[in-house]
Amino acid sequence: MQLFQVWDIGGQSIAGEMIDKYIYGSHAALIVYDVTNLNSFDNCQDWLNVIRRVTKSQEKHAPMPTPDPVAIICSQTSLSLLR
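For the sequence shown, the positions run 1 to 83 when full-length UniProt numbering is used.
So this is what it looks like as structure tokens:
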């Protein structure tokens, strides 16, 4: 049996104080954007930069696994005509 836990972190909290704690110790990361919102897609790079920063710091301080796999997932695909 495998434990799979997902934390939904809203885009507004990218600069929040707790973001590092959500990412630290992760084994993977999923970045989800809304296909009907170009700004949502543009923010994917910001999230990737945050993940890289946290994992770089993590590698220096503890021998914990880092989120090697990072997937970018498109949501709201049934609404793609609204793009």
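Even for Gly, the Cβ is constructed at its ideal location relative to N, Cα and C. These numbers come from a predicted model, not from an experiment.
Taking Cβ positions, are residue i and residue j nearer each other than 7 Å?
i	j	result
Glu32	Ser75	Looking at the sequence shown, residue 32 is not Glu but Val. Yes; because the gap between Cβ atoms is below 7 Å, this pair is in contact.
Ala71	Leu30	yes
When we look at the beta-carbon of residue i and count the other beta-carbons within 10 Å, is it buried (16 or more) or exposed?
i	result
Ile23	buried
Which whole-angstrom value describes the C-beta separation of residue i and residue j, a residue pair presumed to lie in contact below a C-beta threshold of 8 Å?
i	j	result
Ile19	Asp46	Actually they are not in contact, since the Cβ atoms of Ile19 and Asp46 sit about 11 Å apart, beyond 8 Å.
Relative to the C-alpha of residue i, which residue among the options is closest?
i	options	result
Val54	Lys21, Asp8, Asn39, Gly10	Lys21
Val6	Ser57, Ser26, Val35	Ser26
Asn43	Gly10, Phe4, Met1, Leu3	Gly10
Ala28	Glu17, Ile51, Lys56	Ile51
Ser40	Asp68, Phe4, Ile73, Met1	Ile73
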